[in-house]
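> These protein sequence lines are chains A and B, in that order. The numbers in the first sequence follow UniProt numbering, run straight up by one, and end at 754. The numbers in the second sequence follow UniProt numbering, run straight up by one, and end at 155. Every residue, glycine too, gets a C-beta built ideally from N, C-alpha and C.
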Amino acid sequence: MTGIGSSAPRPDGDAKVRGRFPFSSDLCVPGMLWGHTVRSPHAYARIQSVDVTRARAAEGVRVVLTAADVPGRNGFGLVVDDQPVLASDVVRYVGEPVAVVAAATPEQARRAAALVEVAYTELEPLCSVEEALAPDAPALHPDGNLVRTIDIRRGAPSRHAADVVVTGTYTVGMQDQAPLGTESGIAMPTSGGVRLLANSQWIHADRNQLAAVLDLPPAAIDVTLAGVGGAFGAREDITLHAHLCLLALASGRPVKMVYSREESFVGHVHRHPAVLRYEHGARADGTLLYVRCEIDMDGGAYASTSWAVVSNAAAFAVGPYVCDDVEIRARVAYTNNPPCGAMRGFGAVQAAVGHEAQMDRLADALGIDPVELRLRNALDEGDLLPTGQPLRGASPVRRILEELRDLPPVAAPLAVPGGTANVTRGEGVVRGTGYGIGFKAGGMPEGIRDYATAWVRLLRRDGEVVAQVRTAAAEIGQGLSTVVPQIVRTELGVADVTVLPADTSVGSAGSSSASRQTYMTGGAVQAACRALREQLVERAHEYHGHRFGELLERGHDISLRDGMLELDDTTLLGLDDLVPPEGLEATRRYDHRPTTPFGADGQGEPHVQFIFAGHRAVADVDVETGLTRVVQLDVVQDVGRAINPVAVEGQMQGGTAQGVGLALMEEIQVERGRIRNASFTDYLVPTILDVPPMTTTILELPDPEAPYGVKGAGEPATISSTPAVMSAVRRAAGRDLFRVPIRPWDLTDLPTES
Amino acid sequence: MRLELDVNGQVHTVEDVAVWESLLTVLRDRLALYGSKNACEQGECGSCSVLVDGEVVCSCLVLAGQAEGRSVVTVEGLDADPIATEVRCALVAAGGVQCGFCTPGFVVTATGLLRDQPCASEPAVREALAGNLCRCTGYSKIVEAIARAQAELGR
């Protein structure tokens, strides 16, 4: 039986390889209409008027809606609801929705959308944090342009005792999650409400925001997760969800919408671009004495999750190193750039680019091996983080670094980074090896009361006991739908486990983000199974006359295995004798241990658990052309307990690839608020030729407070991959690098892009 | 225009196809063959890969009219194909599937590759799959799956 610790295959795997798995873009309902969105062409403008007369009269059009048609609160957002569903008086970014259309065919909807006449008065956009925070800048929102500042201070940073001081300013470009499936879904009216099938990372958060927008009670809105073609943070905020519901309710018909790739680029939030200014002071022996850091993040036009991203950047700004004297300030501002929010790694990615480049340069300045320098400063159990929170449990930092250090050398012949184009014969190719390590918190921080709910049922079918599970947790490709049945098989000894579709008929599972779902929903499933186990033992007592309670108290072991209830490895009863015809069920909620908000000077215990990974990268750089090929990339990650080792490796490898993208090629280019490369032709996602062979090493240092000891596995590899690649390229090219993605002209003396 | 399309061994008559409609649109919206995915519409991602007269093509870059008189095979048409069967089994077993949006495209492309070059080396496999983007897996387990499928087919 494939319980926890086995690499059970995905239950949806067969449907997916046959092309029969229904993604949200594949859904069709008889009589459905197609929606299309009218978007702002301006980064910042006042709306003078919106005229929908011609659009409404166009062929096939059923409804055209503007801000005036939003029945409830015309605002949404995960932290503050500052983002209009449809802009009414002002647009604050290029692509902001102004109106929506539903028509009989997608083409009719698209053409009608082009007939909506919006008169704008253009305003001068604020296109950087600097512009937005200038004293005379106009306020984009009622509370001004600063979304949040986080200050974390411990000790007293001072240059006095430092033998070496290294400073650097690093820039991180705007990355896109670029999930292969674009935003899509269907909404349909129901008696008294609406049903939505769409992609999401958290259907209850969607529902709560929709309830306010639609002015309906949450219970009148049924949100069902439809097949998600990747998420990586892009599905945390709602996108087309409210538009679909509005159109369905207004037309009385089901309405479907699918974003094009170009629309997807403007339709969801991105990873925050950041500027990070660092100063590290160290003793000659490498001991880190102090770190000063200022981080500015561009939040774009609306808040999304900026509030939490910036605190993550601040909390992990030093990296996994001991340092008693720190001074960190991180800010995020509103601008007229595309809104930024969640993406895998969530603030820690940007910080790691800075702290790891600093550690490398510090190692150079001191003449110490970069891995050795990191080892000398590695966080250990009980060490205090900049927030004053102690690192509980065994620290994996040393283990990760030692594993990386002891990897065999790479023997592959030098690659020609130009690939098949063969722009040179490789005369200028140089190899470099680099390292990176990073960490973040798993779970929701800062005192948020986060929980997950699971419902588990045992029932008899054809003389066998089978289990069903329902949670609202979003399967987004990460493999939760594999992990959940593994937990049920382990806990209840039942082979046949079905995971029912995620919908809002059960309590919230929280978000499939922050690497938290195996921990949280896994914990809820475990708890529900254990409640069922108690019911079974209770029934066994009634059924067989054994006094199980006493036996348990006397140290006897009762277990459920292979459909049997066993006492000290002796089979007593088949589960089919214990499960009544109507079945047994249990619903349980799982809460992680409480955390605190950031107190004065950013001190507190804001985080649930800490999750770590490190990489070694080997890169070949053609210093004549500035082209790079990563030839080997090895990752070591601590996951506490690998519930499904193959799935864990998949997270490590996939996260690593996204880190390669940020290091070398992935950047949304924004010019005065306008995205210049909103396509897969112009925004480069790593291909199978860009991602090198990898080795994966899983460490299992259990978290005693987490179910089965698990630690979040989804994000850490994305954090350390980018700085490792940057480090390898830096070694190869023999020059300091201060931004990602690294561009060819950062590596050569060729003229830069004008 | 009216088209007669040979898709998965069956001739379909499709009415009122606009001249600008892609093969992908017709497969999905007219023939309800949703296995071919639309992710970029520029031929960059390979999610819509199908076989046209045995050649792997991006169906988003082929006009539906161009497919007339040719044999089109989508991922659904590979259900009983022995090479595709091994590719599919290996992808699931090796963990080469996560969100699965790119997966049908990989199945089609890999099947086309292994038909022509059953013993393709790893670099050749990577080169052949370079037109298929996957955002979830980092490709390692896809490469591993193709090797497993080759081993099974070579028995």
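Please work out which residues of its chain come closer than 6 Å, Cβ to Cβ, to B:Leu114, disregarding the five sequence neighbours upstream and downstream, and give them in chain order.
Taken in chain order, the residues that qualify are Ile83.
> Using Cβ-Cβ distances below 7 Å, what residues of the segment 661-685 of chain A are close to chain B?
Within the segment 661-685 of chain A, the qualifying residues are Ser679, Phe680, Thr681, Val685.
> Between A:Val164 and the rest of its own chain, which residues show a CB-CB distance below 6 Å, the 5 nearest in sequence each way excluded?
Counting only Cβ-Cβ distances below 6 Å, and skipping sequence neighbours, we find Ala282, Ala365, Leu366.
> Rounded to whole angstroms, what is the Cα-Cα separation between B:Phe101 and A:Ala134?
If you take the alpha carbons of B:Phe101 and A:Ala134, they lie about 44 Å apart.
> For the segment 646-658 of chain A, list every residue whose C-beta sits within 9 Å of some C-beta in chain B, in sequence order.
Hits within the stretch, in order: Val646, Ala647, Glu649, Gly650, Gln651, Met652, Gln653, Gly654, Gly655, Thr656, Ala657, Gln658.
> In the DSSP assignment, find the beta strand (DSSP E) that holds A:Met694 and state where it starts and stops.
Per DSSP, A:Met694 belongs to the beta strand (DSSP E) from 694-699.
> Determine whether the Cβ of residue 214 of chain B lies closer than 9 Å to any Cβ atom of chain A.
Chain B is shown from 1 up to 155; residue 214 of chain B falls before or after that span and cannot be answered.
> The segment 164-190 of chain A: which residues have C-beta closer than 9 Å to a C-beta of chain B, in chain order?
Going along the segment 164-190 of chain A in chain order, one finds Gln177, Ala178, Pro179, Leu180, Gly181, Thr182 with a Cβ nearer than 9 Å to chain B.
> By Cβ distance, which residues of its chain are closer than 8 Å to B:Val107, with the 5 residues on each side in sequence left out?
So the qualifying residues of the chain are Val75, Leu78, Ala84, Val87, Arg88, Leu91.
> Quick one: Cα of A:Asp206 to Cα of A:Pro142, how far?
So the alpha carbons of these two residues sit roughly 25 Å apart.
> Of the choices A:Thr37, A:Arg153, A:Gln175, A:Gln83, whose alpha-carbon is the least far from that of A:Ala234?
Checking every option, the nearest Cα to that of A:Ala234 belongs to A:Gln175.
> Cα-Cα, which of A:Gly614, A:Leu362, A:Glu582, A:Ala58 is closest to A:Thr287?
Nearest of A:Gly614, A:Leu362, A:Glu582, A:Ala58 to A:Thr287, Cα basis: A:Leu362.
> What did DSSP end up calling A:Arg259 once you bin it into helix, strand or coil?
Note that residue 259 of chain A is Tyr in the sequence shown here, rather than Arg. In the structure shown, A:Tyr259 sits in coil (DSSP, three-state: anything other than H, G, I, E or B).
> Return the CA-CA distance between A:Gly602 and A:Asp576, expressed in angstroms with no decimal places.
Between A:Gly602 and A:Asp576, the C-alpha separation is close to 55 Å.
> Contact criterion: CB-CB distance below 9 Å. Does B:Pro104 meet it with respect to chain A?
Taking Cβ atoms only, chain A reaches closer than 9 Å to B:Pro104, which makes this a yes.
> Counting along the chain, where does the beta strand (DSSP E) carrying A:His243 start and finish?
Not the beta strand (DSSP E): A:His243 falls in the alpha helix (DSSP H), residues 241-251.
> Report the rounded CA-to-CA distance for B:Ala147 versus B:Ser140, giving the unit in angstroms.
Near 11 Å, if we compare the C-alpha coordinates of B:Ser140 and B:Ala147.
> When burial is assigned at 16 or more other CB atoms within 10 Å of the CB, is A:Ala706 buried or exposed?
Buried.
> Check the C-beta distance from A:Glu402 over to A:Pro723 and give it rounded, since I have them as a contact under 8 Å.
Contact doesn't hold; Cβ gap of about 18 Å is too wide.
> Based on the DSSP secondary-structure assignment, which residues constitute the bridge partners of A:His36?
Answer by DSSP bridge pairing, in chain order: A:Val101.
> In whole angstroms, give me the CA-to-CA distance for B:Gly154 and B:Pro118.
Their Cα atoms are separated by approximately 8 Å.
> Who pairs with A:Cys293 in a beta bridge, going by DSSP?
DSSP lists A:Tyr278, A:Ile328 as partners of A:Cys293.
> For chain A, check one thing: does any of its Cβ atoms lie closer than 9 Å to the Cβ of B:Arg70?
Not one chain A Cβ lies under 9 Å of B:Arg70.
> Please return the same chain residues whose Cβ sits closer than 7 Å to the Cβ of B:Asn8, not counting the five positions on each side in sequence.
Excluding residues within five positions, the ones whose Cβ falls inside 7 Å are Val73, Thr74, Glu76, Gly77.
> Counting along the chain, where does the alpha helix (DSSP H) carrying A:Lys16 start and finish?
Looking at the DSSP string, the run of the alpha helix (DSSP H) that includes A:Lys16 is 13-17.
> Quick check on A:Gln653: buried or exposed, where buried means 16 or more other Cβ atoms within 10 Å of its Cβ?
Classification of A:Gln653: buried, given that the 10 Å Cβ count is 16 or more.
> Determine the direct distance from the alpha carbon of B:Gly35 to that of A:Ala315, and round the result to whole angstroms.
The straight-line gap from Cα to Cα measures roughly 44 Å.
> I want to verify the contact list: residues of chain B whose CB lies under 9 Å from the CB of A:Leu478, in sequence order.
First, the residue type needs correcting, since residue 478 of chain A is Gln and not Leu in the sequence shown. Going along chain B in sequence order, the residues near A:Gln478 (Cβ under 9 Å) are Gln98, Cys99, Cys136.
> For A:Cys340, which residues of its own chain have a beta-carbon under 6 Å away from its beta-carbon, when the five flanking residues on both sides are left out?
The residues are Val269, His270, His272, Gly299, Gly300.
> Using a threshold of 9 Å, state whether the C-beta atoms of A:Val147 and A:Val322 are closer than that.
No. Outside cutoff.
> Under a CB-based cut-off of 9 Å, is A:Ser720 close to chain B?
No, its Cβ sits nowhere closer than 9 Å to a Cβ of chain B.
> Show which residues of chain B have a CB atom less than 7 Å away from the CB atom of A:Pro9.
Residues of chain B passing the Cβ test: Val92, Ala93.
> For A:Phe21, return the contacting residues in chain B, with the cut-off set at a CB-CB distance below 7 Å.
Ordered by position in chain B, the residues that pass the 7 Å Cβ test against A:Phe21 are Gly100.
> Do A:Arg399 and A:Asp568 come within 9 Å of each other at the CB atom, strictly closer than that value?
No, the pair does not count as a contact, with Cβ atoms beyond the cut-off.
> Return the Cβ separation of A:Gly426 and A:Asp622 in integer angstroms, given the expectation that the two are a contact with Cβ distance under 8 Å.
Contact holds; Cβ gap of about 7 Å.
> Going by the DSSP bridge assignment, what does A:Met188 pair with across the sheet?
For A:Met188, which the question treats as bridged, DSSP gives the partners A:Arg195.
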